Structure formats: structure tokens, C-alpha cells
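Visitor: I'd like to ask you about the structure that follows.
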Amino acid sequence: MNDKPVLGLLTGDGAGVGPEIIAKLAVGKFFEQYCRPVVIGDVRILERAFSVIGSSVPLQVIGDVDEADWSKGLPILDQRDQDPEVVKFGTLTTEAGKANLNALKLGVALYKEKKIEGFCFAPLHKAGLKQAGSKVESEHHLLAQLFNHTEPFGEINVVGDLWTTRTTSHIPISEVSKNLTVESILRAVRLANTSLKTSGIAKPRLALAALNPHAGENGLCGREEIDVIIPAIEKAREMGIDATGPYPSDITFIKAFRGDFDGVVTMYHDQGQIALKLRGFDEGITIAGGLPAPIVTCAHGTAYDIAGTGVVKTSAFENAVKMASRMANHLRLQA
Amino acid sequence: MEGKKFGITLGDPCGIGPEITLKALHAKMEYQKSALLFGTRSLLEYYNSLLGYEMRFNTIKKIEEWDDSAINVYDPHPVDISQIQVGVVTSLGGTIAFESVRAAIEFALRKDISSVVTAPLNKEALHLAGFPYAGHTEIFGAFTKGERYAMLLYSEKLKVIHVSTHVSLRKACDLCKKSRVLEVIHLAHETLKKIGYENPRIAVAGLNPHAGENGIFGDEEIKEIIPAIEEAKAEGLNVSGPIPPDTVFLKALQGSWDIVVAMYHDQGHIPLKMLSFESGVNITVGLDVIRTSVDHGTAFDIAGTLKASEKSLLKAIEIGEKL
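So the protein lines, in turn, are chains B and G. Take the first sequence: its letters are residues 9 to 343, numbered as in our numbering. Take the second sequence: its letters are residues 63 to 385, numbered as in our numbering.
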């Protein structure tokens with residue numbers, strides 16, 4: 009059929025919109041434009057999704073990726089682990105949580121065996137993972153663990169062509185300042201730099217957002233710019249990274265969306281999230297940054313409230329597949 | 063000297079203030095009859111000839127000297143044009159900017175003018191000149207009456223009012239107190255009513271990510287913000303929140319609310335600038351002098367090049383007249 013990258017597609021939580029997204033895109037012949045897809049999930053869940061959207065494609069149930077023949081239908085590694093009777097639309101279950109944990113593990117294992125060149129996962133439910141016994145903070149920590157990864161890792165939010173990483177995330181705003189160090193900022197800078205390079209940008213242009221209004225106005229309203237952000241930028245530049253700033257946060261995103269930068273490193277959660285969500289939440293994706301493999305998901309969640317109705321938009325997951333494909337192609341060139 | 067008059071302060075003389083002021087008066091000639099300019103006359107003459115306008119100026123000390131056949135100027139600190147270093151932060155720039163604002167406040171308090179529109183000043187220059195104010199908002203706060211005031215950013219698409227402004231993000235957390243949040247909710251309600259909203263729908267943003275998620279990422283929502291919202295609701299105001307900061311602006315934009323109460327400077331400025339760059343208006347609300355301004359800075363990098371846009375200033379004049 010083609011020489012495009014072999015990508016795993018994890019259906020995610022069967023109670024959410026993930027299976028419907030994959031079903032819609034399969035019917036629309038989307039995947040073959042970017043990859044050779046291999047679905048990882050429960051056949052019954054995917055078939056339920058086909059019936060929700062009222063259309064389907066032939067499935068080819070396989071036991072090993074080597075058996076996949078894309079001329080015979082959409083290959084699926086049937087996990088038989090999300091019983092539609094148990095995993096009802098809009099219901100949080102341990103069964104789906106367990107299935108999602110296993111799917112992530114399988115995805116990483118297949119990547120290590122070089123059977124797939126990366127994967128995209130449809131929305132899963134964090135609480136479901138916890139219920140299923142996952143002890144780590146998020147799926148990104150789990151993935152890093154599976155790769156025995158010690159370098160910086162973490163989620164990278166992408167809307168359009170703009171990548172953002174965060175220095176701090178889910179902590180009180182009053183604690184952001186004390187968590188900003190040259191090291192913590194550099195970690196976010198390196199994460200953005202490494203991952204952008206994986207996507208094929210040779211020398212990413214990174215902007216660092218300031219912490220305080222008007223970038224602190226030379227210390228008049230806050231000293232973090234002088235004490236840690238500027239030293240971090242200098243250090244990054246010594247490392248050969250094209251980092252500039254700190255820019256006042258309200259200006260950073262205007263410049264970034266105008267195309268002045270490839271990535272923005274933010275100091276706290278909402279600094280980036282406010283801008284990205286206004287720009288186009290429907291389109292956003294999240295990259296498991298820093299890891300050796302292209303692993304991408306859509307920024308939106310399981311959307312339990314509309315699961316099973318077929319109204320879900322597929323644009324974010326489309327972008328996730330495009331990005332994983334782009335990254336996999338670039339890794340091939342480097343190999 | 064018939065009719066309502068308003069003041070325009072030219073801001074830092076080394077920035078784009080004088081240029082955009084003349085451009086605005088050129089774009090809307092009717093303002094030439096009602097605007098009193100506060101700033102350096104020699105600089106106005108300079109831009110007047112540079113722009114090829116044929117405006118005439120009349121310097122006044124008090125309103126009785128008003129001349130309807132010219133553009134009236136109050137020059138608080140007359141200097142020769144050669145003393146002005148365009149595009150540079152200087153102590154002289156800070157002095158002139160400050161004295162212009164002070165004079166405009168005096169005229170407004172005497173009711174000689176009904177509102178003041180301010181062009182941008184440079185805070186560093188202000189401090190160099192020995193005036194330790196964080197900005198226009200704080201100067202107006204110090205020299206006018208009004209126990210409570212706040213910065214409101216106004217655009218057609220989105221309106222945001224701030225609980226704190228020019229302080230470090232760390233300090234902004236300390237200023238997020240129930241009494242202040244309630245005060246700002248009241249200011250939002252009063253201001254929108256003046257502009258014509260019958261029962262303004264007000265959203266209050268959280269301070270922390272996900273609005274604290276029930277205290278997991280910070281407790282200001284539980285201790286300060288929610289009690290303020292409850293009290294405002296009990297008074298009959300149409301208030302919702304705290305809403306997670308990363309969704310509140312999107313929903314307001316989609317029409318769920320008329321105004322958002324932001325907890326700190328950048329929380330409100332990021333969305334507003336993204337949506338209405340250079341067309342937003344900055345209003346200081348709650349004082350006995352009405353003050354509006356452009357929402358951009360002195361733009362020293364393009365000062366003197368005649369590239370600056372007067373759009374925001376025109377909008378600021380229009381909103382000032384409405385209030």
C-alpha cells in the first residue's frame with residue numbers, strides 16, 4: 009500500500025469519544041494519507057463505534073504486527089479487554105483504566121521491538137488509570153518509566169505550529185516563584201528544543217515568557233526575570249539553543265502566533281493555557297515530549313458527555329496523527 | 063469655549079504619544095475643538111510639520127484662555143525641542159509625563175474637562191525623575207478621590223477588570239483578598255451599568271490552575287474568592303465563578319458573560335491583547351476623574367518614525383466620552 013510510517017492507534021477509554029474518532033477517520037480514509045495504521049484496542053468497542061457513526065470499514069484482526077496487510081482492511085491487535093457491557097458510554101470504569109494502562113505498555117513494547125514507529129492514543133481518563141492501580145502522576149510519567157528515561161520529559165502542548173512547554177504546572181500560583189530555578193527553566197527549554205528537533209526543525213527558535221507584568225520592568229515589579237530567567241536564557245544560549253526573552257507574557261503569544269518563534273517556554277500553567285485555548289482548543293495536541301518515540305495525543309479529553317452520539321470533532325486527533333507521522337519520518341532520516 | 067471638553071496627556075515626550083495624538087486629531091477633526099492637550103508644545107509643532115498637518119496651537123494656563131480657532135495646549139514644563147531625546151528613557155521625559163498627568167487631573171477635578179485620555183508613559187523614566195508610581199492607574203489613585211479603583215481593559219469582544227495590576231506575580235497572590243475581590247466585582251457591575259448593561263453578567267476567574275481544583279493547587283479560591291462571590295450574589299449581583307482561568311475568557315468570548323474579573327495583570331492581559339491588539343482601551347474605574355488610555359506602551363523603538371497607529375487612542379477617546 010505504501011511506505012508510510014507504521015503507527016499504533018490506541019482507542020483510549022471505550023466510554024469516551026476515542027473509538028468514535030478512530031472509526032470516523034478510518035471511514036474517511038484519513039489514516040492512509042499519513043501512516044500505515046495498526047489499531048490497539050478491543051474489536052467489540054471499535055465495532056460499537058462503527059455502529060454509532062452508522063458506517064464502517066473492514067477490520068483485519070491480527071495477532072502480530074507482522075501479519076498486517078493494509079489491502080485487507082484496518083489491522084487491529086484485538087485486546088479483548090474492554091467489554092462493551094461493562095464499559096458503557098460516559099461511565100468511568102476500572103476495566104477501561106486497566107485496558108488503557110496495558111495499551112500504553114504494549115505501544116512502548118512494540119516500539120522497542122521496532123514493530124511500530126510511534127503511536128497516537130485517543131483520550132483516556134486519568135482517574136481510570138489511577139483506579140486501575142497506576143501509581144504515577146500521569147501517563148507521561150508512565151511512558152518515561154517504560155522507556156527508563158532520565159532526561160527531561162513531559163507534556164508539550166501544540167496548537168497550530170506553536171509548541172509550548174511549562175516550567176511549573178499543577179501547583180498554586182503562590183508557589184510558582186519558589187519553583188523557578190535556572191535548572192527548572194532549562195529543563196523546560198531543553199524539552200522544547202529536543203522535541204522540536206525530533207519533528208524536523210533543525211534550530212528551534214524558543215521564546216521564554218516572563219513571570220511578572222511587563223517582564224518585571226527591570227526589577228520594579230518582581231525580580232525573577234533578573235535572578236533566574238535571564239541567567240537560564242544565557243545558559244541555554246551557551247548550550248547552543250536559540251533561546252530569547254524574557255518577553256512580557258501578553259506580548260509573547262502575539263509574537264509567537266505571528267510566527268516569530270517555534271516554541272514558547274512558559275513559567276506557569278495558565279500563562280500558556282489561556283493563550284492556547286483561546287487560539288483553538290479543538291485543534292490542540294499533546295506530545296509526550298523528550299521521549300525517543302513519537303507519541304502524540306489530542307489535547308481534549310474523553311468528553312463523556314457526548315460519547316456515543318457521534319458528534320465528536322476529529323480535527324485534534326488528525327493533527328496528532330500528522331505530527332506522529334512527521335516525527336517518525338524525521339527519525340527515519342536520522343537513522 | 064462652548065461644550066464638553068476632554069484632556070489628552072501626551073505621555074512620555076520621547077515615545078509615540080505626541081505623534082498618535084496629532085494623528086487622532088487629524089483623523090477626527092471634531093476633536094480639535096474639544097481636546098485640551100497636556101504636554102510639550104515644541105514637540106507638537108515638530109510632529110505637526112513632520113506629518114505635514116497645518117494645525118495651529120494655543121497655549122493656555124487656565125481654561126478661560128481657551129481659543130476655539132486653535133488646538134489648545136497646556137505645557138507644564140516648556141522645553142526646546144533639542145532637549146528631547148526621541149526613543150530614549152530620560153529623567154526629563156519622566157518629569158514632563160508626570161507633570162502633564164498632574165495638570166490634567168487638576169483640570170478634571172475643577173470640572174474644566176470631563177475626562178482624561180492618557181498616552182503611554184514610561185515607568186522607568188518616571189522613576190528616574192523621582193516619581194515612584196507604578197503607572198497611570200496609581201498616579202490617578204494618589205491624586206484623585208476614590209477609595210477603590212481598578213484597571214479595566216475594554217474591547218468590543220472582551221472586557222476584563224483586574225484585582226491587582228503592576229505588582230509581581232508573587233505579590234498578586236497576597237492581594238487576592240475577599241474584600242478586594244468583592245470591591246472589584248462591584249466596580250465591574252457599576253461600570254458596565256454606566257455603559258448600558260442592565261444587569262451585567264460577571265465571571266470571576268480563579269487564581270490557580272483549574273481554579274485550585276478544590277484546594278489541591280492552592281486555597282485562595284476557597285478562602286477568598288468564593289466568599290466574595292457568595293456575598294455579591296447575596297446582594298443580587300449576577301456573578302459566577304471561580305471559573306478556571308484557561309476557560310473563562312473563551313466562554314466570555316462566546317457570550318456567557320459580559321466581563322471577567324481577573325486576579326492578576328497577565329491573566330487579563332494575555333487574552334485581551336491576543337483578541338484586540340492595539341485596539342483595546344485601558345480604563346481606570348472607581349475614581350472621581352474618568353480616565354481612559356491606550357493599552358500599548360511608549361514604543362520607543364518606533365518613536366519618531368511616524369509608524370505608530372492612532373487607533374487605540376481614538377477608541378480611548380470614544381469610551382471616555384461614553385463614561
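The beta carbon of each residue, even a glycine, is placed where N, CA and C say it ideally should be. Computed from a predicted model, the values in this text were never measured in an experiment.
For Pro-182/G and Ala-117/B, I'd like the C-alpha separation in whole angstroms.
Guide: Position 120 of the second sequence, counted from the first residue, corresponds to residue 182/G. Position 109 of the first sequence, counted from the first residue, corresponds to residue 117/B. So the alpha carbons of these two residues sit roughly 59 Å apart.
Visitor: Which of the residues in the region 137 to 150 of chain B, read from start to end, lie with their CB under 8 Å from any CB of chain G?
Guide: Hits within the stretch: zero.
Visitor: Say yes only if the C-beta of Ile-259/B is nearer than 6 Å to one or more non-hydrogen atoms of the ligand ZN, and no if none qualify.
Guide: This structure does not include the ligand ZN; it has no bound ligands of any sort.
Visitor: Under 7 Å, Cβ to Cβ, is there at least one residue of chain B near Ile-332/G?
Guide: Translated into the one-based positions of the second sequence, residue 332/G becomes position 270. Closer than 7 Å: yes.
Visitor: Looking at the unbroken alpha helix (DSSP H) that takes in Lys-185/G, where does it start and where does it end?
Guide: In the second sequence, the residue the question calls residue 185/G occupies position 123. Run containing Lys-185/G: 185 to 190, per the alpha helix (DSSP H) assignment.
Visitor: So, do the region 150 to 167 of chain G and the region 68 to 80 of chain G have three or more beta carbon pairs nearer to each other than 8 Å?
Guide: Touching, yes.
Visitor: Against chain G, with Cβ distances strictly below 7 Å, would Ile-179/B count as a contact?
Guide: Translated into the one-based positions of the first sequence, residue 179/B becomes position 171. Yes - at least one Cβ of chain G is within 7 Å of the one on Ile-179/B.
Visitor: Helix, strand or coil, according to DSSP, for Asp-117/G in the structure here?
Guide: For the purposes of this step, residue 117/G is taken as residue 55 along the second sequence, with counting starting at 1. What sits at residue 117/G in the sequence shown is Met, not Asp. Looking at Met-117/G - three-state DSSP - the assignment turns out to be coil, as it is neither helix nor strand.
Visitor: Does the beta-carbon of Met-63/G have 16 or more other beta-carbons within 10 angstroms, so that it is buried, or is it exposed?
Guide: Reading the second sequence from its first residue, position 1 is the one you call residue 63/G. Confidence is the limiting factor: at Met-63/G the pLDDT is only 48, short of 50, which leaves the residue's position unreliable, though a coordinate-based value still follows. By the neighbour-count rule (16 or more Cβ atoms within 10 Å), Met-63/G is not buried but exposed.
Visitor: Let me check understanding here. Comparing Cα to Cα, which of Gln-342/B, Asp-72/B, Met-247/B lies closest to Ile-209/B?
Guide: Working through the first sequence from its first residue, we reach residue 209/B at position 201. Among Gln-342/B, Asp-72/B, Met-247/B, the Cα nearest to that of Ile-209/B belongs to Gln-342/B.
Visitor: Could you name the residues of the region 212 to 229 of chain B whose beta carbon sits closer than 8 Å to any beta carbon of chain G, in the order they occur along the chain?
Guide: Of all residues in the region 212 to 229 of chain B, Leu-219, Asn-220, Pro-221, His-222, Gly-224, Glu-225, Asn-226, Leu-228, Cys-229 have a Cβ within less than 8 Å of some Cβ in chain G.
Visitor: Just the C-alpha distance for Ala-328/B and Pro-160/B, rounded to the nearest angstrom, thanks.
Guide: Position 320 of the first sequence, counted from the first residue, corresponds to residue 328/B. Position 152 of the first sequence, counted from the first residue, corresponds to residue 160/B. Ala-328/B and Pro-160/B: Cα-Cα distance of roughly 21 Å.
Visitor: Give me the Cα-Cα distance between Gly-24/B and Asp-50/B, rounded to the nearest whole angstrom.
Guide: Residue 24/B sits at position 16 when you count from the first residue of the first sequence. Residue 50/B sits at position 42 when you count from the first residue of the first sequence. Their Cα atoms are separated by approximately 14 Å.
Visitor: Going by DSSP in three states, Asn-300/G sits in which element: helix, strand or coil?
Guide: The residue labelled residue 300/G in the question sits at position 238 within the second sequence. Reduced to three states, the DSSP call for Asn-300/G is strand.
Visitor: Measuring only the C-alpha atoms, how far is Ala-166/G from Val-243/G?
Guide: The count along the second sequence starts at 1 and reaches residue 166/G at position 104. The count along the second sequence starts at 1 and reaches residue 243/G at position 181. Those two C-alpha atoms are separated by around 30 Å.
Visitor: Could you tell me whether any Cβ in chain B is nearer than 7 Å to the Cβ of Lys-240/G?
Guide: Against the second sequence, residue 240/G aligns to sequence position 178. Not an interface residue.
Visitor: What residues from chain B crowd round Val-228/G, counting only those whose CB sits closer than 7 Å?
Guide: In the second sequence, counting from the first residue as 1, residue 228/G sits at position 166. Checking the sequence, you will find His at residue 228/G rather than Val. Within chain B, the residues near His-228/G are Pro-221, Cys-229.
Visitor: Mapping DSSP to helix, strand and coil, what is Gly-36/B?
Guide: Position 28 of the first sequence, counting from 1, holds the residue named residue 36/B. Three-state result, Gly-36/B: coil.
Visitor: Compare the C-alpha of Val-323/G against each of Thr-360/G, Leu-249/G, Glu-372/G and name the closest.
Guide: Position 261 of the second sequence holds residue 323/G. Nearest option by C-alpha distance: Leu-249/G.
Visitor: Tell me where the beta strand (DSSP E) around Met-213/G begins and ends.
Guide: Counting from one through the second sequence, the residue named residue 213/G turns up at place 151. Note, Met-213/G: beta strand (DSSP E), 212 to 216.
Visitor: Beta-carbon of Leu-54/B versus every beta-carbon of chain G: anything under 7 Å?
Guide: As a working note, residue 54/B is residue 46 in the first sequence. It does not: the Cβ of Leu-54/B has no partner Cβ on chain G nearer than 7 Å.
Visitor: By the three-class DSSP mapping on this structure, what secondary structure does Tyr-109/G have?
Guide: Residue 109/G sits at position 47 when you count from the first residue of the second sequence. It is helical.
Visitor: Does any CB atom of chain B fall closer than 7 Å to the CB of Asn-344/G?
Guide: Along the second sequence, read from residue 1 onward, the residue named residue 344/G stands at position 282. For Asn-344/G, the answer is no, since every Cβ of chain B falls outside 7 Å of its Cβ.
Visitor: Going by DSSP, what residue range makes up the beta strand (DSSP E) through Ser-177/G?
Guide: What you label residue 177/G is simply residue 115 of the second sequence in a count that begins at 1. Start and end: 177 to 180.
Visitor: Is there at least one Cβ from chain G nearer than 7 Å to Lys-5/B's Cβ?
Guide: It is not possible to answer for residue 5/B, since the shown part of chain B is limited to 9 through 343.
Visitor: Look at the alpha carbon of Asp-21/B and the alpha carbon of His-148/B, and state the distance between them as a whole number of angstroms.
Guide: Residue numbering aside, residue 21/B sits at position 13 when the first sequence is read from its first letter. Residue numbering aside, residue 148/B sits at position 140 when the first sequence is read from its first letter. In a straight line, the C-alpha of Asp-21/B is about 16 Å away from that of His-148/B.
Visitor: Taking the CB atoms as reference points, tell me whether Cys-306/B and Ala-332/B lie closer together than 7 Å.
Guide: On the first sequence, position 298 is the one that residue 306/B refers to. On the first sequence, position 324 is the one that residue 332/B refers to. No, these two residues do not count as a Cβ contact at 7 Å.
Visitor: Are the C-beta of Met-63/G and some C-beta of chain B separated by less than 7 Å?
Guide: If you number the second sequence from 1, residue 63/G lands on position 1. Low local confidence applies: a pLDDT of 48 at Met-63/G is under 50, so the model's placement there is unreliable, with the coordinate-based value given in what follows. Not one chain B Cβ lies under 7 Å of Met-63/G.
Visitor: Comparing the C-beta of Phe-202/G with each C-beta of chain B, is any distance below 7 Å?
Guide: Here residue 202/G refers to the residue found at position 140 when the second sequence is read from its first residue. So no, Phe-202/G is outside the interface.
Visitor: Is DSSP giving Ser-355/G helix, strand or coil here?
Guide: Mapped onto the second sequence, residue 355/G falls at position 293. The answer is strand: DSSP assigns Ser-355/G an E or B state.
Visitor: Who are the neighbours of Val-184/B on chain G, taking C-beta pairs under 7 Å?
Guide: Within the first sequence, numbered from 1, the residue matching residue 184/B stands at position 176. Correct list: Leu-231.
Visitor: Count the other CB atoms within 10 Å of the CB of Ile-278/G; is the residue buried (16 or more) or exposed (fewer)?
Guide: Residue mapping note: residue 278/G aligns to position 216 of the second sequence, counting from 1. Flag for Ile-278/G reads exposed.
Visitor: For Lys-221/G, I'd like the list of residues in its chain whose CB is within less than 6 Å of its CB, leaving aside the five on either flank, ordered along the chain.
Guide: Here residue 221/G refers to the residue found at position 159 of the second sequence. Contacts found: Ile-321.
Visitor: How is Asn-276/G classed by DSSP in three states: helix, strand or coil?
Guide: In the second sequence, counting from the first residue as 1, residue 276/G sits at position 214. Here Asn-276/G sits in coil by DSSP.
Visitor: Under the DSSP definition of a beta bridge, which residues are partnered with Glu-163/B?
Guide: Translated into positions along the first sequence, residue 163/B becomes position 155. Answer by DSSP bridge pairing, in chain order: Ala-296/B.
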